[in-house]
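*Asks:* Before I ask anything, here is the structure I am working with.
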Amino acid sequence: MKYSHAIFVGIASITLLSGCGDRPESWDTPAVVRFDKGLENSFALIDESMHSVHLFSVDESLNLSQVRKNTGKNVVAVMASPQADRLFVLSKGEQPRRKSSDERPALWVYDGSGSGNLLSKYTLSNPLDSIAVDPEGRFVVLYSSGASGSFVTNRNELLVIDTSLPPGDTNPLPRTIRSFGGTPQRLTFTSPLNLPSGQRRLLIIETDQDLSLLDLDHLDRKEVTVRLSNDYKVVPAGVTYTDGVPQRNDDARLAVRTTKENSVFLLTFVPQANASAENDFGLTVNIIGLTSTPSDFAFVNTDGGLRLAMLEAGMRRATLVDPDTTTETQVDMPASFGRISLVTREISDAPAGGSDVAMLWGYEGVAFWSLGKSVGQAYRSIEVLPDIDSSVGNVVSVPAPNQSLKILVPNDAGYGGRRFYVLNLANRTASPLLTSASSLSLTVSADGQRAWFFQRNSREMAVVDLLTMHPQNLVLEQPITSVFDIGRAGGGRAMVALHYQGNMGATVVDAFSPDEASARMHVGLLQGGF
Amino acid sequence: MTQPRWLLLFSSMIGIAGFVGVLVACQASDAMDEEGSQMPPSYPGNEYPSLDGGGSGGGAMADAALPPEQELESEYGSPVATERYVWVANPVSGRVAYVDATTLEVRTVPAGNSPKAIAPVPNPDRDTAIVINELSGDATLLQADDAGNVSTTTFGIANEANSWAISPSGRWAIAWANADLYPNPNPVQGFQDISVIDVQTEKVSRLSIGYRPIAFSFSKGEERAHAVTQDGISVIDLLLPQGPSVSKLIPTSDDDFETSDTRDVSITPDGSLAFVRQNGSQDVTVVSLTDGHRIRVQLSGECTDLDLSADGTRAIAAIRDQHEIAILPVPQIATAPEDFEVVSIPNVTVGSVVIAAGAPVAFGFSNAAVEQRMAKIRWDVTPIRVQTMALHSPVLAVFLAENASSAIVVHKDKNSHARAFSALTLDPELPAKIVATQAEVFGVSLTPSGDRAVVAERNDASKIFGAYLVRRDNLQIDRYPLFSPPIAVGTVLGAKRAFVAQQHPEGRLTFIDLDTGLSRTLTGFELAARVIDGSQP
Amino acid sequence: MRALRFVCSSVLTLLVSATAMAQEEQEPTTAPSDSATQELPALEPAPMAEPTTPAPSSAASAAPSATVNASHPAGAIDSRQGYAPPPMSDAVDGPSRDMSRDFWQVHLGVRVGWVTSEGYDPFSENDGFSQVSMGATRAFVLSDSISFAPGLLWEYGNAASKARNAPTELSVHRLGAVAEGRLHLDRDLYVLAKLVPQAVYTGASIEEDSATAVLVRNAWRFGVDATAGAAWNFPRTLGVDDVVPQFWVVGEFGYGWSMNQDLAFSPDVDEDDPRASTTLDLGMLSMRGMMMRISVAMTF
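Protein chains in written order, with the working numbering: chain A, 38 to 567; chain B, 3 to 539; chain C, -17 to 282.
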């Protein structure tokens, strides 16, 4: 009997011992990717299941080299710096925290130039889920959108982070703006404004019923809040600002349009009259009346001086308002345009004297509005581009050296044959390009040479040379989710098309000579490497 | 109805001359009530009449059947202007905004609950205004110092007060209830309570006067105030040791049961006499406010209008059917009722009279008839000079500069709508310039010197709103489009600006520089109060 | 684990059938000489046969077994000389070899290895890798108690799992030459030392959704197993008649080594397919580590 026992023990031992050892749990964790970002010389994927950031760069042979760095748990937002040299990852950490070792919310800053190094980590006291990045790349403001799911959320609390400084007691700096019931909806960082008290940069916080201004150069000071109405029914819909005449420091202004009001609020920065106030600038408020709700506006320079140009949706006219006197001049338009963009710097024939040229666009095509002054008129010319006969939903700028080009994307409507245009501001011509895509996404290269067009979840894409307008179509192996045009190690650039299948794939193509035959497909980007 | 002359004099000091309220004949009151009820409850709160012309539009053959003349030149209380500021009350926020007409800086000060009727208070030292707070039943006195800071004093007043009568010196402010500003008042509402505020001592006396007062005046030395009511004229002694008190009621008619709502009462600036005219009557009753003695002056026909000169030396009566005017010497007429001069104006139908506030000049015209002519009357010469002036459209209303150097004549079209106006330069006399407006003329204001005038137009249906700046010297007229319905016009002489107050939830004023013609619109008087520096509590 | 189950069921089947087969009577054998001479079953004694030249046998049996020493019955253990093989049988139709050592041996068993290589992680949730093991050797008796058994060995195993939700599979074939040395401690027990140089074939695949074809990586590598163990003829020990074939349980423990293999996967497509250049590198796979082998051997 003892022999049978021995056999049994032997077989059991074999069975048992064969189960010894295990592998990292990573292998059992599918990749979860919600965020991807193109950077200057790399692109980033956030693997939320592994709490890791993967930064990929492209070498001369179109191979991908990967750097994997830890990141926070429960990533809620990812943004790139305006120069695409840094990656900001906002995480909530472990909520709720049961142990002191549980991870806290944090903002992680990674180097986007290729090394993927963690540059800074700013630990937060509370989880937030929204990021606003300063166009100049210095400040990052974190705030709550209200969807964080926390038991109690203060939506008026902002965390201002100066990314040029290391983490410290006052960096991040929590600021709770005074609320009259509103919550932040939109943040705008201004460029330096010449205020009566000196040059300042301001953070404009639009809530759903009022406006607050924070002095970014004096974050220790309280904000200035402008209540737009007594009944809190006026909802801001956008702001524009001007520094005014360079020689003056008392004509910096801010204009606010709203969602429903037939008026625009005009705020003028004046010297502070109240000696006990912390802020050394004051505000006067005026209201400019219109006949309907403006759809877009911008401060423009005319030969007659600074004006606020406003467009009203569905109206074949524009209104120029003198911000000093609020005198209004109505300008008849040949069509209804809902949007305005200043293109003075991008064109070669800007009027002498400093007046602006604006591009008007919207449902009825595109026009150029030269804001110089002719006798008896407050404008010089309005030139409609006859080549563009479809509604324009979006205008995409092209970086230098082709900054005179604009890509006009039509509204998402209709199927089978839609036009988009590459508009040349220099000679006022528009090159139509036809696409069969029902919805179009595009990425413009940072060197301003190319534009990549694709339709999400489709395998087809195209690249258009912005100099020759030559399109080249490509059909990839896998459906495309995102496209980046990034720098390559050793020079050159590459197009990376991401495929959200499995553990992520990517197709890499030489951006200068795109060819499916020479494309390199990379699979399982997030596979292995544990 | 004729406003007391002292009010016109007061407005000439600060540049508000000639706010216009127009009533359509036969439908004027209904129209006003209707439009008043449509007035938005917010800024600035006061009702306004329209300037639509009235009249049945009958021709000269139908003179005998013409309706009564309409007195369309009335005065508004809100906004008002003092030497430096324009004051605007916001009943919704309970604040009063005051705009420095020179710098256009807007500031606000809290008043009471639902401030509405506001009036300037003459004060040589400080810009002062006083406002009735309807819902809190009190009044707030606002006084601005040189730095623009305003101090307030609150007085409890009688209920239902909605109008002000301010003495020329600014010492006395009487809050009273004008029944015409109430929509469909019950006949049992007498509106007989008034509050007399002594601004100097800051004391308030509540008194009761006759049924439904119409107007107030003050005696020359401000010892007494007179309230013209439907019962007669209530005499208020102001300087009694125990405070103001109603001393007597002086009937204005021999017949106590005579209908009083068609009675027109004018009181001389010194407060000694009252002239009572009744529609359909050819008699003018002169009442002594000292002893109540009444004397009747019989004219050759129905007296359709009677106005007193600013200096109180003449009363000019229009006898429309006879194409005559009667010039009654004051105070002599009270003792010699038959001793007056009658001037015949055969080629002009004169049913209404407007007298310049600072010159012995009057204009005679008719807005009941379709009359394109006017008569210019000078009584300081012998014989009295009457000059006929031909215009290009029937006359609806006439606004005369204080010194009679210019005038604005509002015309009516065939539908009795005020769709044009003429600008007249009277010194030197130049051809009238007629301007067709884009909407109904709503308000007129002339500077005391007559060199500038502002005419506002308004059409709510077509949303056409505008203001015209008239320059007397070259009769150049510029139009300024407005984005909101105008509710009042005026001038602030100290800042050499005219203003047009407009209907806007946040309050809107357009200032027009009288010299350069540049306009500037301020909207949102209380927005500055809503700019909150976080460091301030 | 599947291989182990296969092996266990195979072993059970073989055991049952072998046990049944073991009931066939073969030549009588002489009990080992000890103080208690065992009585053989009553049979007619066979006539004494002329001494004959023993049949040629393998070199391993070059022992002085041709001389029958009557004083030492077959299979007797001489305490002075160790295990003495039994005399050659005179039966015309019986084997003439010492079936306790001089035999062919085939085995079926399971090889279990512990692969700690990180390259193995995609294919298994633990470090165990089991293979069915089959082989055959032929023993050559070198001395009374030492024999050498060369042979051949084939082992096959398969592991499947998921790597981040991508199904993976790894199959390993081992084809080896067996060099086994045995020290016979008893008729039914010997210890062994085995060296098996082998050719290792690994076939790995991963069905990564980001690729349009299954990714595979196949390679031949060299390996060697070095084990030591023991074999036990458990039926005979339990009293089963001395029959042919015999069944042994063999257990080994040792170390298996093989060369590193890269896991640079590429699509399973033709070489001229442009997708062929796609690679997915999951590191290096080293199928080496401690191992054990349990098998049932049948000798004859």
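Every residue, glycine too, gets a C-beta built ideally from N, C-alpha and C.
Name the residue from R141(A), S137(A), V115(A), D257(A) whose alpha carbon lies nearest to the alpha carbon of I168(A).
*Replies:* In the first sequence, the residue the question calls residue 168(A) occupies position 131. Among R141(A), S137(A), V115(A), D257(A), the Cα nearest to that of I168(A) belongs to V115(A).
*Asks:* Against chain C, with Cβ distances strictly below 8 Å, would N439(A) count as a contact?
*Replies:* Looking up residue 439(A) in the first sequence gives position 402. Taking Cβ atoms only, chain C never reaches closer than 8 Å to N439(A), which makes this a no.
*Asks:* What residues in its chain sit with their C-beta under 6 Å from that of L470(A), if we drop five residues either side in the sequence?
*Replies:* For the purposes of this step, residue 470(A) is identified with residue 433 of the first sequence, where counting begins at 1. So the qualifying residues of the chain are F457.
*Asks:* Give the residues of chain C in contact with Q538(A), contact being defined as C-beta atoms less than 7 Å apart.
*Replies:* In the first sequence, counting from the first residue as 1, residue 538(A) sits at position 501. The answer, in chain order, is D191, S192.
*Asks:* Here's a check: name, in chain order, each residue in its chain whose Cβ is nearer than 8 Å to the Cβ of W96(C), leaving out the five neighbours to either side.
*Replies:* Start at 1 with the first residue of the third sequence, and residue 96(C) comes out as number 114. Here the set comprises D109, G110, F111, G271, M272, M273.
*Asks:* To the nearest angstrom, how far is the alpha carbon of N163(A) from that of D171(A)?
*Replies:* Walking along the first sequence from the start, residue 163(A) turns up at place 126. Walking along the first sequence from the start, residue 171(A) turns up at place 134. N163(A) and D171(A): Cα-Cα distance of roughly 21 Å.
*Asks:* Can you pull the chain A residues whose beta carbon is under 9 Å from the beta carbon of S82(C), in chain order?
*Replies:* Numbered from its first residue, the third sequence carries residue 82(C) at position 100. Under the 9 Å cutoff, chain A gives no residues; its nearest Cβ is about 18 Å from S82(C).
*Asks:* Counting along the chain, where does the beta strand (DSSP E) carrying T154(B) start and finish?
*Replies:* Counting from 1 along the second sequence, the entry for residue 154(B) is found at position 152. Looking at the DSSP string, the run of the beta strand (DSSP E) that includes T154(B) is 152 to 158.
*Asks:* Can you tell me the Cα-Cα spacing of L393(B) and I347(B), whole angstroms?
*Replies:* The residue you call residue 393(B) lines up with position 391 of the second sequence. The residue you call residue 347(B) lines up with position 345 of the second sequence. Their backbone Cα atoms lie some 16 Å apart in a straight line.
*Asks:* Taking 6 Å as the limit between beta carbons, can you name the residues of its chain near F72(A), skipping five residues before and five after?
*Replies:* Sequence index remark: in the first sequence, residue 72(A) carries index 35 (1-based). Here the set comprises I83, V115.
*Asks:* To the nearest angstrom, how far is it from the Cα of A213(C) to the Cα of D170(C)?
*Replies:* One-based indexing of the third sequence puts residue 213(C) at position 231. One-based indexing of the third sequence puts residue 170(C) at position 188. Taking the straight line from one Cα to the other gives about 8 Å.
*Asks:* For L320(A), decide whether its Cβ has a neighbour in chain B, counting only Cβ atoms nearer than 8 Å.
*Replies:* Locating residue 320(A) in the first sequence gives position 283, counting from the first residue. Interface annotation, L320(A): in contact with chain B, CB-CB separation under 8 Å.
*Asks:* If I measure Cβ to Cβ from G496(B) and keep anything under 6 Å in the same chain, skipping five residues before and after, which residues do I get?
*Replies:* The count along the second sequence starts at 1 and reaches residue 496(B) at position 494. E85, R86.
*Asks:* Measure the C-alpha to C-alpha separation of A312(B) and V90(B) and round it to an integer number of angstroms.
*Replies:* Indexing the second sequence from 1 puts residue 312(B) at position 310. Indexing the second sequence from 1 puts residue 90(B) at position 88. Approximately 28 Å between the Cα atoms of the pair.
*Asks:* Less than 7 Å between C-beta atoms, sequence neighbours within five positions excluded: which residues of the same chain meet that for G101(C)?
*Replies:* For the purposes of this step, residue 101(C) is identified with residue 119 of the third sequence, where counting begins at 1. Answer for G101(C): L245, L264, G265, M266, L267, S268, listed in chain order.
*Asks:* Where does T390(B) fall in DSSP's three states?
*Replies:* Mapped onto the second sequence, residue 390(B) falls at position 388. Three-state result, T390(B): strand.
*Asks:* Determine the contact status of P117(B) and V133(B), defining contact as a CB-CB distance below 8 Å.
*Replies:* Counted from its first residue, the second sequence places residue 117(B) at position 115. Counted from its first residue, the second sequence places residue 133(B) at position 131. Yes, these two residues count as a Cβ contact at 8 Å.
*Asks:* Output the boundary residues of the alpha helix (DSSP H) element that contains F216(C).
*Replies:* Stepping through the third sequence from its first residue, residue 216(C) is reached at position 234. Bounds of the alpha helix (DSSP H) holding F216(C) are 216 to 219.
*Asks:* State the Cα-Cα distance for the pair I377(A) and N431(A), rounded to the nearest angstrom.
*Replies:* As a position in the first sequence, residue 377(A) is number 340, starting the count at 1. As a position in the first sequence, residue 431(A) is number 394, starting the count at 1. So the two alpha carbons sit approximately 11 Å from each other.
*Asks:* Looking at the secondary structure, which residues open and close the beta strand (DSSP E) in which S475(A) lies?
*Replies:* As a first step, residue 475(A) is located in the first sequence; it is residue number 438 there, counting from the start. Where S475(A) is concerned, there is no enclosing beta strand (DSSP E), given that its DSSP letter is neither H nor E.
*Asks:* Determine whether the Cβ of S537(B) lies closer than 8 Å to any Cβ atom of chain A.
*Replies:* Working through the second sequence from its first residue, we reach residue 537(B) at position 535. So, interface residue.
*Asks:* Candidates T337(B), R510(B), F342(B): which alpha carbon is nearest E326(B)'s?
*Replies:* Counting from 1 along the second sequence, the entry for residue 326(B) is found at position 324. E326(B) has its Cα closest to that of F342(B), out of T337(B), R510(B), F342(B).
*Asks:* If we define contact as Cβ-Cβ less than 8 Å, is S259(C) a contact residue for chain A?
*Replies:* Mapped onto the third sequence, residue 259(C) falls at position 277. So yes, S259(C) belongs to the interface.
*Asks:* Within the 8 Å Cβ cut-off, does L264(C) reach chain A?
*Replies:* The count along the third sequence starts at 1 and reaches residue 264(C) at position 282. True, the Cβ-Cβ gap to chain A drops below 8 Å.
*Asks:* Short of 7 Å in beta carbon distance, which residues of its chain neighbour G526(B), apart from the five on each side in sequence? Order them along the chain.
*Replies:* Here the question's residue 526(B) lines up with position 524 in the second sequence. So the qualifying residues of the chain are E508, G509.
*Asks:* Which value, in whole angstroms, describes the spacing of the CA atoms of A483(A) and S329(A)?
*Replies:* Taking the first residue of the first sequence as position 1, residue 483(A) is located at position 446. Taking the first residue of the first sequence as position 1, residue 329(A) is located at position 292. Roughly 39 Å between the two C-alpha positions.
*Asks:* List the residues that DSSP assigns as beta-bridge partners of R454(B).
*Replies:* One-based indexing of the second sequence puts residue 454(B) at position 452. R454(B) is bridged to R473(B).
*Asks:* Going by beta carbon distance, what residues of the same chain come within less than 7 Å of N115(B), once the five residues before and after it are set aside?
*Replies:* Taking the second sequence and counting its residues from 1, one reaches residue 115(B) at position 113. Only G96, N135, L137, S138 meet the Cβ criterion.
*Asks:* For S128(A), report the span of its beta strand (DSSP E) as first-last.
*Replies:* The residue given as residue 128(A) occupies position 91 in the first sequence. First-last of the beta strand (DSSP E) with S128(A): 123 to 128.
*Asks:* What residues of chain A sit near F485(B), judged by a beta carbon separation below 9 Å?
*Replies:* Against the second sequence, residue 485(B) aligns to sequence position 483. Simply N299, S300, I325, G326, L327, T328, E365.
*Asks:* DSSP on D14(A), reduced to helix/strand/coil?
*Replies:* In the structure displayed, chain A extends from 38 to 567; residue 14(A) sits before or after that span and is not available.
*Asks:* What are the residues in the stretch 136 to 150 of chain C lying within 7 Å of chain A by C-beta distance?
*Replies:* A145, R146, N147, A148
*Asks:* What does M532(A) touch in chain C if you count any residue whose Cβ is under 7 Å from its own?
*Replies:* Taking the first residue of the first sequence as position 1, residue 532(A) is located at position 495. Here the premise fails: no neighbours, minimum Cβ distance about 17 Å.
*Asks:* DSSP on G101(C), reduced to helix/strand/coil?
*Replies:* In the third sequence, counting from the first residue as 1, residue 101(C) sits at position 119. Helix at G101(C).
*Asks:* Counting only beta-carbon separations shorter than 8 Å, does N108(C) have a partner in chain A?
*Replies:* Here residue 108(C) refers to the residue found at position 126 of the third sequence. Judged by the 8 Å Cβ criterion, N108(C) is in contact with chain A.
*Asks:* Establish whether the CB of K270(A) and some CB of chain B are separated by less than 8 Å.
*Replies:* Looking up residue 270(A) in the first sequence gives position 233. False, the Cβ-Cβ gap to chain B never drops below 8 Å.
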